[in-house]
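> Residue numbers (the numbering used here), protein chains in the order written: chain A, 14 to 222; chain B, 14 to 222.
By construction, the Cβ of each residue, glycine as well, lies at the ideal position given by its N, Cα and C atoms.
There are 2 protein chains.
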Amino acid sequence: MSKSNRIRILIVDDHLALRVGLTAMLAARPHLLVVAEADKTAGAIAACEKHHPDVVLMDLRIPGGGVEATIAIRQRWPATRVLIVTTYDGDEDIHRAIQAGASGYLLKGLTSSELIAGIEAIHRGEKVMPPNIATRHRERVLRKDLSSRELEVLSLIVAGRSNKEIARDLVIGEESVKTYLKTVFQKLSVADRTQAAIEAIRHGIVHLD
Amino acid sequence: MSKSNRIRILIVDDHLALRVGLTAMLAARPHLLVVAEADKTAGAIAACEKHHPDVVLMDLRIPGGGVEATIAIRQRWPATRVLIVTTYDGDEDIHRAIQAGASGYLLKGLTSSELIAGIEAIHRGEKVMPPNIATRHRERVLRKDLSSRELEVLSLIVAGRSNKEIARDLVIGEESVKTYLKTVFQKLSVADRTQAAIEAIRHGIVHLD
DNA sequence: CGAGGCTTCCCCCAATTGAGGGAGGCTCAC
DNA sequence: GTGAGCCTCCCTCAATTGGGGGAAGCCTCG
């Protein structure tokens, strides 16, 4: 697969300092080779095209979307393993990244040895994930998904809109909005719109930026 | 002040990779010397005691609190300049950090030259701040502060509690809760509790973690 | 000492929200 | 083709919420 026995690595993060740091942490190991860096989705895909890395260290918060980059890379280069390296970002993105075929998840703030062990593990084809994240991911899989309409309504709630406004926005009746909200409350197990909005933000179901 | 003419720097961040990256970015310049690193408030203060840095690169999201660290350092070593280096964290913490005496604010993701220019500038006694942050900070200063009671009520709103529950929590009447909320809505210029909660989170007035 | 801010409570009233149903049409998978 | 899930709308009713006031006691700052 790779020309030598070195593990070829692509680093994707929009923070230069972090890219430099990760590169430096890996530079000490002769069997690890950082072949490229990218700061956004498009650049990550271009770098894969050019360098065919074995492992991609992927931040989820990059322009263009880390999840989108993961999907694209896994589709076109199935042999390439993607290791998510990010500060905690809410369950939803992690879940989507794993669905997209990411092989593992590590928190920033990790030590060199944790990072290297993670890279080696996913290069061997193993999965890497902190136990608490894995647990949350299982819960997340069990939890019923929100339908697309429910998601729309929820994101408008987070946008601070009233039922009446949401009805206008989506060109449906206010009664329908209330129906969606009822099931959203059930699925998120909350009692009112404010809690729903906060849960949505907390779990990364909708983003604030 | 410093023994040579090198600028002595302390890096405070809980992410090892970022500390390594920042150190590497500064290592190339002979007039900059990273004298210590710390990953939390207590460690930052200890490092100041031991190394008396000229400039502290401070992340706001560290165990113990970056704002708290800034306050402590500025109080005990007024000659030490604090440069906040963080991803965007909501106006409130930035505002508090500036109130606490931080000399500048830079976003992670900066280039080496931006970082170095920032360090040199604050070492000369200048202030450093991206214009959009500065604008928001001025607006923030103009905006009326929430009283401590109003803050309590707001944070309970974010905790997802009803007026009745808040009244019980604070041992006051429900009518008082409603009065506080009315003024909170005015001060945040929002129309309901959900928007208030979201604004509070967005601006870092209350934290979700 | 007077103005203004904070805390606490009160009134009334309109609007919104949430709960508990039911129901038709639609698509998609088994 | 039948059931499941989704989207849409309907009803009623209770509770909560928000807007408009007012007002008292308290403290602080000028």
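How should residue 23 of chain B be labelled, buried or exposed, when 16 other C-beta atoms within 10 angstroms of its C-beta is the threshold for buried?
Label assigned to residue 23 of chain B: buried.
> Check whether the region 32 to 51 of chain B touches the region 128 to 145 of chain A, counting contact only when three or more Cβ pairs, one atom from each stretch, lie closer than 8 Å.
At 8 Å Cβ cutoff, the stretches do not touch.
> Which residue comes first and which comes last in the beta strand (DSSP E) that contains residue 98 of chain B?
Here the beta strand (DSSP E) through residue 98 of chain B covers 94 to 99.
> Which residues in chain B have a C-beta closer than 9 Å to the C-beta of residue 153 of chain A? List them in chain order.
The premise fails here: residue 153 of chain A is roughly 18 Å from chain B at the closest Cβ pair, so nothing lies under 9 Å.
> Span of the beta strand (DSSP E) holding residue 34 of chain B?
Where residue 34 of chain B is concerned, there is no enclosing beta strand (DSSP E), although the alpha helix (DSSP H) it sits in stretches over 29 to 40.
> From residue 61 of chain B to residue 70 of chain B, what distance separates their C-alpha atoms?
Roughly 12 Å between the two C-alpha positions.
> At which residues does the alpha helix (DSSP H) containing residue 56 of chain B begin and terminate?
54 to 64 is the extent of the alpha helix (DSSP H) around residue 56 of chain B.
> How is the beta strand (DSSP E) around residue 174 of chain A delimited, first residue to last?
Segment: none, residue 174 of chain A is in no beta strand (DSSP E) and carries neither H nor E.
> I believe residue 173 of chain B touches residue 208 of chain A by the beta-carbon criterion, under 8 Å. Please report the beta-carbon distance rounded to the nearest angstrom.
About 4 Å; that satisfies the 8 Å criterion.
> Say whether chain B places a C-beta atom closer than 7 Å to the C-beta of residue 68 of chain A.
With 7 Å as the cut-off, residue 68 of chain A does not count as an interface residue toward chain B.
> For residue 218 of chain B, which residues in the same chain have their Cβ closer than 6 Å to its Cβ, ignoring the five residues on either side in sequence?
Same-chain partners within the cutoff: 105.
> Could you list which residues in chain A have their beta carbon closer than 7 Å to that of residue 28 of chain B, in chain order?
What residue 28 of chain B touches in chain A: 121, 122.
> Taking only beta-carbon positions, decide if residue 169 of chain B is within less than 7 Å of chain A.
Cβ-Cβ to chain A under 7 Å: no for residue 169 of chain B.
> Are the CB atoms of residue 27 of chain A and residue 52 of chain A within a distance shorter than 7 Å?
Result yes, Cβ atoms of residue 52 of chain A and residue 27 of chain A sit closer than 7 Å.
> Please list, in chain order, all residues of the same chain as residue 42 of chain A whose beta carbon is under 8 Å from its beta carbon, the five residues on each side excluded.
Counting only Cβ-Cβ distances below 8 Å, and skipping sequence neighbours, we find 129.
> List the residues of chain B that residue 207 of chain A touches, going by C-beta distances under 7 Å, in chain order.
Within chain B, the residues near residue 207 of chain A are 170, 173, 206, 207, 210.
> Go ahead and pull the three-state DSSP assignment for residue 210 of chain A.
DSSP places residue 210 of chain A in helix when its eight states are reduced to three.
> Just grab the DSSP bridge partners of residue 69 of chain A for me.
Looking at the DSSP assignment, residue 69 of chain A forms a beta bridge with A:23, A:95.
> Using the Cβ count rule (16 or more neighbours within 10 Å means buried), how would you classify residue 221 of chain A?
Under this definition residue 221 of chain A is an exposed residue.
> Which residues bound the alpha helix (DSSP H) around residue 221 of chain A?
Counting along the chain, residue 221 of chain A falls outside any alpha helix (DSSP H), and DSSP gives it neither H nor E.
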